[in-house]
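S.K.: Once you've had a glance at the structure underneath, I'll fire off some questions.
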Amino acid sequence: MFGRSSLPDGALFLGLDSSTQSVKATVLNNDLIIVASETVNFDSDLPHYKTEGGVYRDPTDDGRIFSPTIMWVEALELLLEKLKLKIDFSKVVAVSGSGQQHGSVYWKKGGQAVLSSLDPSKSLVSQLKDAFSTMESPIWMDSSTTKQCREIENAVGGALELSKLTGSRAYERFTGPQIRKIYQTAPDVYENTERISLVSSFMASILIGCYASIDETDGAGMNLMDINKRTWSKTVLEATAPGLEQKLGNLAPAYAVAGGISPYFVERHQFDKNCLAIQWSGDNPNSLAGLTLNTPGDLAISLGTSDTVFGITAEAKPSLEGHVFPNPVEPDGYMVMLCYKNGSLTREDVRNQCAEKSWDVFNNYLEKTPPLNGGKLGFYYKDHEILPPLPVGFHRYIIENFSDSSPDNLTEREVQEFDSPSEVRAIVEGQMLSMRGHAERFGMPNPPKRIIATGGASSNESILESIAQIFGCPVFTVERPDSASLGAALRAAHGWMCNKEGGFVPISCMYMGNLEKTSLGAKLAVQAPGDAEDMELLKKYTLLMKKRMEIERRLVEKIGRV
């Protein structure tokens, strides 16, 4: 039997997370207890890039959102310098990581040669600044590729066919449509590109000093991989851009070794020369690992820059909504996910306008307004939304006849504004009602056995209470809201063990029976609704959810971005 005892005494496992607004590190010891963590925030720690929320919005191209590739490199350097003061890098036996999903990096011809000959006396930024065919990395917030999405879907027989093949219909943020747009609008950039990396495989490439493979789980977020065969789909590659397979390289399982640590990091940061870099993966798959989500009845809700809802399943059943990815820690299984673009930044927007820019005031409003908000329903889209596909805009309704027990008898009246406390509750309830409605439509458990909440807003007790009331189940939280870097550290240990054993071993073997003694255990934050009053409230939320989905459907028919 494997377990924590199989991990070498004194060993450290480093998990990195390159997200939209920051890079983070979490370090686990051989008992899977967090011993150090560190963060570099792009806006505040690297102000010379002048990003807002870690990104640039192109005012001349509607929906085009990107980040400067070299900023991620500089952030990694700064993070390691800060972390070096807390841990001894020579004790790190394996490192893995998490990258914001879908974002892409374009290495120019000769990039591999630059990577493999890095000089440890010089910074990464100074040596990599000219290694890219474009300095602008499209990211998951981008929604400028509607035309390319339709072209790819049409080429393979429609949106449902593409979903059956790749796990998702074409989404504007997915990497395939982004690559097609670059091929069409900047053919010189595409021609001069030697390798296309995801954010995850890009950061892994820096660590190993050569191009790292894209892992199968993050690769499923590109609209390019056959979800069942876990190989590039020639049909979709041909529909996307010529000569693409060569630029993508091979796929690898998430638990595989990407390579040994580059001599650059051995000499500059005193890593051990035998330190292994395990395949990086996407942030949501890493969160799934970090939350130890391994029961089909459980759901996770990640409340970050984007809000996501995800769970696990034994079989892939792709549809026109949501996503199916390979499970990063169970080779035969899958993870299912819904993604919302308007997450924490949109909540912050309402906080700034209605709650004096204070979370304390925001929470006070949330607590003093009654559940159901007197029938006030809000739709808040600071950015073009993914789910549902609606443009920037704000829609507010008051639901009448709310004492009635049938959604058919509920009528709505559109209004221009709510008072500030109602606005606060409307955004929180609106987001959670949408999650529940779409999760049920996608076939996720209803009600879930439990929800594990993660991401920055999961430390907000008022929001957690709303989740429990609306979904009708207990809500758990984990020790660290940044479960992506925690999951990456756990995957570093898991990959190290798989390599030692010469093949895949179940990740649960590492903590089974000892979960509460590690930093991985989830703790009950809000109990499930229990008494008659709670159940009556849940019934009313179910009515409100159905009404919201009906209004949403009409909005999509009228102004949708499909």
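Under full-length UniProt numbering, the first residue of the sequence shown is numbered 1, with each subsequent residue one higher.
Every residue, glycine too, gets a C-beta built ideally from N, C-alpha and C.
Note that the structure is predicted; figures quoted are calculated from it, not measured.
Where do the ends of the alpha helix (DSSP H) carrying ALA204 lie?
M.R.: Element bounds for ALA204: 199 to 208.
S.K.: Between the Cα of ALA488 and the Cα atoms of VAL329, THR477, ARG561, which residue gives the shortest distance?
M.R.: The candidate whose alpha carbon is nearest that of ALA488 is VAL329.
S.K.: Label THR193 either buried or exposed according to how many other C-beta atoms from any shown protein chain fall within 10 Å of its C-beta, with 16 as the threshold for buried.
M.R.: It is buried - the Cβ of THR193 has at least 16 other Cβ atoms within 10 Å.
S.K.: For PHE381 and GLU321, what's the separation of their Cα atoms in angstroms?
M.R.: First, the residue type needs correcting, since residue 381 is Tyr and not Phe in the sequence shown. Each residue's Cα considered, the two are about 19 Å apart.
S.K.: Distance check for PRO370 and SER458, CA to CA, integer angstroms please.
M.R.: Looking at the two C-alpha atoms, the distance is approximately 21 Å.
S.K.: Could you check how far apart the C-beta atoms of PRO331 and ARG561 are, in whole angstroms? I think they sit under 8 Å.
M.R.: So it is not a contact: roughly 36 Å between Cβ atoms.
S.K.: Once DSSP output is grouped into helix, strand and coil, what is the label at HIS323?
M.R.: DSSP places HIS323 in strand when its eight states are reduced to three.
S.K.: Strictly by DSSP, which residues pair up with ARG57?
M.R.: Bridge partners of ARG57: ILE65.
S.K.: What are the start and end residues of each continuous beta strand (DSSP E) run of 3 or more residues lying completely inside the segment 223 to 281, in chain order?
M.R.: Within the segment 223 to 281, the complete beta strand (DSSP E) runs of at least 3 residues are 257 to 260, 276 to 278.
S.K.: For my contact list, PHE174 and GLY221 are in at a C-beta cut-off of 8 Å; report their separation, rounded to the angstrom.
M.R.: At roughly 6 Å, the Cβ-Cβ gap stays under 8 Å, so PHE174 and GLY221 are in contact.
S.K.: Compare the Cα-Cα distances from PHE442 to each of LEU276, VAL199, SER168, GLU429 and report the closest residue.
M.R.: When each option's Cα is compared against that of PHE442, the closest is SER168.
S.K.: Using DSSP bridges, identify the partner residues of ASN29.
M.R.: Note: ASN29 sits in a beta bridge opposite LEU12.
S.K.: Excluding the five sequence neighbours on either side, which residues of its own chain have a C-beta within less than 6 Å of the C-beta of PRO318, listed in chain order?
M.R.: Around PRO318: SER163, LYS164, GLY167, VAL324.
S.K.: What residue from TYR365, GLY455, ALA94, ASP188 has the CA that sits closest to LEU291's CA?
M.R.: Measuring from the Cα of LEU291, the nearest candidate turns out to be GLY455.
S.K.: Within the segment 288 to 373, note down every full alpha helix (DSSP H) run reaching 4 residues or more, in order along the chain.
M.R.: Taking only runs of at least 4 residues, the alpha helix (DSSP H) segments lying wholly in the segment 288 to 373 are 344 to 354, 359 to 368.
S.K.: Note the first and the last residue of the continuous beta strand (DSSP E) segment covering THR138.
M.R.: Thr is not the amino acid found at residue 138; the sequence shown has Pro there. Where PRO138 is concerned, the enclosing beta strand (DSSP E) stretches over 136 to 138.
S.K.: Could you tell me which residues DSSP puts in a beta bridge with HIS438?
M.R.: DSSP, once it has assigned bridges, lists no residue as partnering HIS438.
S.K.: Return helix, strand or coil for VAL392, following the three-state DSSP convention.
M.R.: Here VAL392 sits in coil by DSSP.
S.K.: Near ILE452, what residues of its chain come up, given a Cβ to Cβ distance below 6 Å and the 5 sequence neighbours on each side ignored?
M.R.: Here the set comprises LEU291, ALA300, PHE476, ALA522.
S.K.: Any contact between the segment 10 to 18 and the segment 82 to 101? By contact I mean 3 or more CB pairs, one from each, below 8 Å.
M.R.: In short, these stretches touch, since the Cβ pair count reaches three.
S.K.: Rounding to the nearest angstrom, what Cα-Cα distance links LYS24 and SER485 in this structure?
M.R.: Each residue's alpha carbon lies about 6 Å from the other.
S.K.: Which of helix, strand or coil does DSSP assign to SER90?
M.R.: Helix.
S.K.: Enumerate in chain order the residues of its own chain whose CB-to-CB distance from residue 563 is below 7 Å, with the five nearest sequence positions on each side excluded.
M.R.: Given that the chain is displayed from residue 1 to residue 562, the structure contains no residue 563 and the question cannot be resolved.
S.K.: How many angstroms separate the CA atom of ASN401 from the CA atom of GLU414?
M.R.: Using only the alpha carbons, I get a separation of about 15 Å.
S.K.: Applying the 10 Å Cβ sphere with the 16-neighbour rule, what's the burial state of ILE559?
M.R.: That one is exposed.
S.K.: Just to confirm, is the Cβ distance from PRO506 to GLY472 under 7 Å?
M.R.: Result no, Cβ atoms of PRO506 and GLY472 do not sit closer than 7 Å.
S.K.: Does the separation of the CB atoms of ALA170 and PRO177 fall below 7 Å?
M.R.: Yes, the pair counts as a contact, with Cβ atoms nearer than the cut-off.
S.K.: Does the beta-carbon distance from MET203 to GLY97 come in below 7 Å?
M.R.: Yes, they are a contact pair.
S.K.: Could you tell me the boundaries of the beta strand (DSSP E) in which THR166 lies?
M.R.: From DSSP, THR166 is part of no beta strand (DSSP E) but of the alpha helix (DSSP H) over 159 to 166.
S.K.: First and last residue of the beta strand (DSSP E) that includes ALA36?
M.R.: It spans 34 to 41 - the beta strand (DSSP E) in which ALA36 sits, taken as one unbroken run.
S.K.: Beta carbon of residue 570, beta carbon of GLY297: below 7 Å?
M.R.: In the structure displayed, the chain extends from 1 to 562; residue 570 sits before or after that span and is not available.
S.K.: Can PRO285 and GLU216 be called in contact, C-beta distance under 7 Å?
M.R.: Not a contact, by the Cβ cut-off of 7 Å.
S.K.: Determine, using beta-carbon pairs with one atom in the segment 250 to 266 and one in the segment 115 to 122, whether at least three such pairs fall under 8 Å.
M.R.: Touching, yes, given that three or more Cβ pairs across the two stretches are closer than 8 Å.
S.K.: If you follow the alpha helix (DSSP H) that SER483 is part of, which residue opens it and which one closes it?
M.R.: It spans 483 to 501 - the alpha helix (DSSP H) in which SER483 sits, taken as one unbroken run.
S.K.: Report yes if the C-beta distance between ASN134 and VAL189 is below 7 Å; otherwise report no.
M.R.: The question names Asn, but residue 134 is Thr in the sequence shown. Yes, Cβ-Cβ distance for THR134 and VAL189 is below 7 Å.
S.K.: Among the residues of its own chain, which have a CB less than 6 Å from the CB of ASN41, if the five just before and after it don't count?
M.R.: Excluding sequence neighbours, ASN41 sits near SER22.
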